[in-house]
Each structure stands twice: as structure tokens, then as C-alpha cells.
Amino acid sequence: MIRAYKFLLRPTARQAVALGEMLREHCSLYNAARQERRDAYRHSSKMSIKYGEQSAQFKEIRAFEPDRQGRWSFSSQQATLRRLDKAFAAFFRRVKAGQKPGYPRFKGVGHFDTVVFPKDGDGCRWDSTPHDMQTRVRLQGIGHVRVHQHRSIQGRVKTISIKRDGSRWYVVLSCDDVPAEPLPATGAVVGIDMGVSHFLTTSDGAHVANPKFLDAAADELADAQRHLATFPKRTRQRTKRHRAPARKVAKLHAKIRRQRLDFHHKTANALIRDHDLIAHERLNTAGMTKAPAPKPDLSTPGAFLPNGAAAKTGLNRSILDAGWGQFLVILANKAESAGRLTIPVDARNTSRTCFECGHVAKEKRVTQAEFQCTACGFTANADHVGATNVLNRAGLALCDVA
1 MIRAYKFLLR PTARQAVALG EMLREHCSLY NAARQERRDA YRHSSKMSIK YGEQSAQFKE
61 IRAFEPDRQG RWSFSSQQAT LRRLDKAFAA FFRRVKAGQK PGYPRFKGVG HFDTVVFPKD
121 GDGCRWDSTP HDMQTRVRLQ GIGHVRVHQH RSIQGRVKTI SIKRDGSRWY VVLSCDDVPA
181 EPLPATGAVV GIDMGVSHFL TTSDGAHVAN PKFLDAAADE LADAQRHLAT FPKRTRQRTK
241 RHRAPARKVA KLHAKIRRQR LDFHHKTANA LIRDHDLIAH ERLNTAGMTK APAPKPDLST
301 PGAFLPNGAA AKTGLNRSIL DAGWGQFLVI LANKAESAGR LTIPVDARNT SRTCFECGHV
361 AKEKRVTQAE FQCTACGFTA NADHVGATNV LNRAGLALCD VA
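Numbering (UniProt numbering), first residue to last: 1 to 402.
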């Protein structure tokens, strides 16, 4: 089993500067490689450049810039080129599938936050000072950086990533051959219905409140963003007064992300601890939060009719704040580690189907929270009905597999 471990780094002031320089040089490499690919294709020959051809140039580039590109790990630079290669591969796949292509963009220094070392011992070394009580990771060009290792790791360290999140630095270890840690069987099964008013509702009738971290910080975040908006968006050099509100906005967003992640982990732990099987909806969050299509007014050229975009914006914000996709990924990973089973099922009509008589109708949702069957008269909480139907569909899925 593969597992990732994330630890906070405690770099010195000099090391923090060097970490920032490492990100800038890898960002420069990424953008230069993208520029080369674009220029080659725009040439009359329509030349296509691949990863192997660009990687072969490293020897000359590192010799030409020994204090810049030559300072960093060769393998980490190859990983950055592979990252670009994957972006182009995904672009061509979307073009072939007829989807919105999304041509790979240049990366701004503030948006290039990760450097990957593909192999422990090649340009980096985990636990580089084993004789010392303090865990450290050695990075080429930076030195031995202290790590706040709050838990032990298992398995074999395969890759090491350095990640910047606001003003904090993290090391992420990808380990394979991690043994599973199965929990004792409980004999309990549950279905869950994801929502906005409640984060989730179980088939047992329990509700987990939605903490709405973004809404809770909305006023403070709005003040910080208004202050930031008084400065120009695009400028070559930010002043000290400009950097302060930018850091504050980034810090608030990072705090919201950490709060949401902590909530997801704790909620998933509770479900995994108490149940052997958890059924959930297979959700397409990207499709659910897609902006509604415009409605042209045929009687007035150039005018448009109301399409509910304003109301949809608020719903989209609530869905993204809840973070259903992240939660379900965490739930599946924890279930695999604990020897539990998660079953995703089709989410269509789970809150419109009466689990007493099986009748399906849109009119059963009297309100957002109330369900009333128009066929048999059964009434219940709509989210509870959805969770029960999710569990029933998971049972049918198990029967089909058997």
C-alpha cells in the first residue's frame, strides 16, 4: 500500500531564502521549456518537442548557469520537465476527446509551489542525520533542514516533495510497502448523503453539521481582499506595503484549508472506526458547480434572460467550501488502510426515491429538508431518505458483484 506523510519544515532564515530560490529556478525552467515547445510548434515546420529532447539539454544548461540551474538537483529538474510533459499529454487527450483543451499556461512564481525529488538519496536524503534526535531532510543546494516529525513513518520512502503553503514549508514523503492496519470488525454498515445544510447525513439518521469555514471567515477575508485591491494587480516589484495585505489574504486562505482538512480527517476517522462498510454517492463536483448557460433573449438581440446565475453562485460557493471531493478521497484512503470497504453508487434520484414503496418523483421534495411520498404518503427527512437509498444501492451493487 502507498501512503503519503506530510511534515512541517523548520528552515533557518538562510534556508528559507534558498528554498524560495529553488522554487523560482524550477519555475523558470518550467516556463522556458513550455516556451520552447510553443515556439517550435509555431515554426513553419510544426516541430513537436518531447521530454527526452529537452532533458538532453540539461548538461549544457547547468554548465552555462552553474550558480542558478547548476545549483539544484538534476533529478528534481527532470521531475519538473515531466510535470510539463504530463500537462501537454493531458492537453492533447482533452483535444482528442473533444473537451475544452486548456492549453498549459506559464506558471507565476507565486503559483509554483512544489518541487519533487523522484528518489530518496538522489539530490535529497530523508533523516539525513540519524545520529541526532532532531529529524532532518538534506536538500541539494540548501543543506540539512529541520523537520517537525509528529508521527512515525512506515514502509520505504520512495519520493520526496518540498511544498510551500503561504509562509510555511512542508516535506511530503510518498512511501510504498506500507502495511495495512486493519481495525476490529464492528458488523455495522452505513450510507451517507452529502449536503450543504448538513455536511453529511447517515442512514442511521445522524447529522454532521457543516462548519462552513469560508463563511465564518468571510468578513475578515473581505476586509483583507479590499485592502489588497487598492494596489495594482500587475506590477514588476511589490512594495512592502503591497506585500503585507497579499500575505494576509494568503494566510487566511491557508487557515481555512487547514481547518477544512482537519474536519475531513476527523469526520472520516469517526465513520471508519464505527462501520465496516460505508456507501456514498459518486459525485461530479465539477459538473455540479458549472456555471449555468446564458439564455439569449430572442426578442432583443444582444440581450439575455435571467438564468439563475446569482443563486447558483451562492450554491457553488457552499459546495466548494464543503469540500466533498477531498473528503471522499480521504475516506477511501483511510478505509483501505483500516481494512474497511467504501462503495460509491449512482447519486441520481437518491433524494427523490421513496425507500418504502420505490416510487420516484421530483414532487416528493416538499422543502429542502422534508420528503413526502406522493404515492404512499411516507414522510421523513430528505437527507435521511437519500442516505438510506445510497445504502440500499450499495447492497444491490454487492449482490451484482457476488
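For each residue, glycine too, the CB sits at the ideal point set by N, CA and C.
Keep in mind the model is a prediction, meaning the values are calculated, not measured.
Collapsing the DSSP output to three states places Ile160 in a strand. Beta-bridge pairing by DSSP links Ser174 to Ala4 and Thr159.
Taking the C-beta atoms as reference points, Cys124 is found nearer than 8 Å to Arg138. Taking all protein chains in view, the Cβ of Ser203 is crowded by 16 or more other Cβ atoms within 10 Å, so the residue is classified as buried.
Val178 sits close to Gln154, with the two beta carbons spaced by under 8 Å.
The count of Cβ pairs closer than 8 Å, one atom from the region 359-379 and one from the region 302-316, stays below three, leaving the stretches out of contact.
Counting only the Cα atoms, Val208 lies some 11 Å from Val196.
Contact between Asp383 and Asp193 holds: CB atoms are separated by about 5 Å, below the 8 Å threshold. Residue range Lys240 to Asp274 is occupied by the alpha helix (DSSP H) that includes Ile256.
DSSP, reduced to helix, strand and coil, places Met288 within a helical segment of the structure shown. For the pair Ser28 and Val172, the Cα-to-Cα distance works out to about 22 Å.
Note on geometry: alpha-carbon atoms of Arg234 and Gln225 lie some 15 Å from one another. Relative to Lys295, the option among Gly287, Ala286 and Leu305 whose CA is nearest is Leu305. Under a 10 Å Cβ-count criterion, Lys334 is classified as buried, with 16 or more other Cβ atoms of the shown protein chains found around its own Cβ. For Ile319, the enclosing alpha helix (DSSP H) starts and ends at Ala309 to Ala322. Under the three-pair Cβ rule at 8 Å, the region 252-263 does not count as touching the region 271-284. Ranked by Cα distance from Asn269, the first of Val329, Arg42 and Ser128 is Val329. Annotated three-state conformation of Arg393 is helix, per DSSP. Its chain contains Val145, Arg146, Val147 and His148 as the residues whose beta carbon lies nearer than 8 Å to that of Arg10, once the 5 sequence neighbours on both sides are disregarded; these appear in chain order.
The beta carbons of Ala279 and Ile319 sit no closer together than 8 Å. Exposed is the label assigned to Ser45, since fewer than 16 other Cβ atoms lie within 10 Å of its Cβ.
For Gly191, the closest alpha carbon among the candidates Leu331, Lys50, His26 and Arg38 is that of Leu331.
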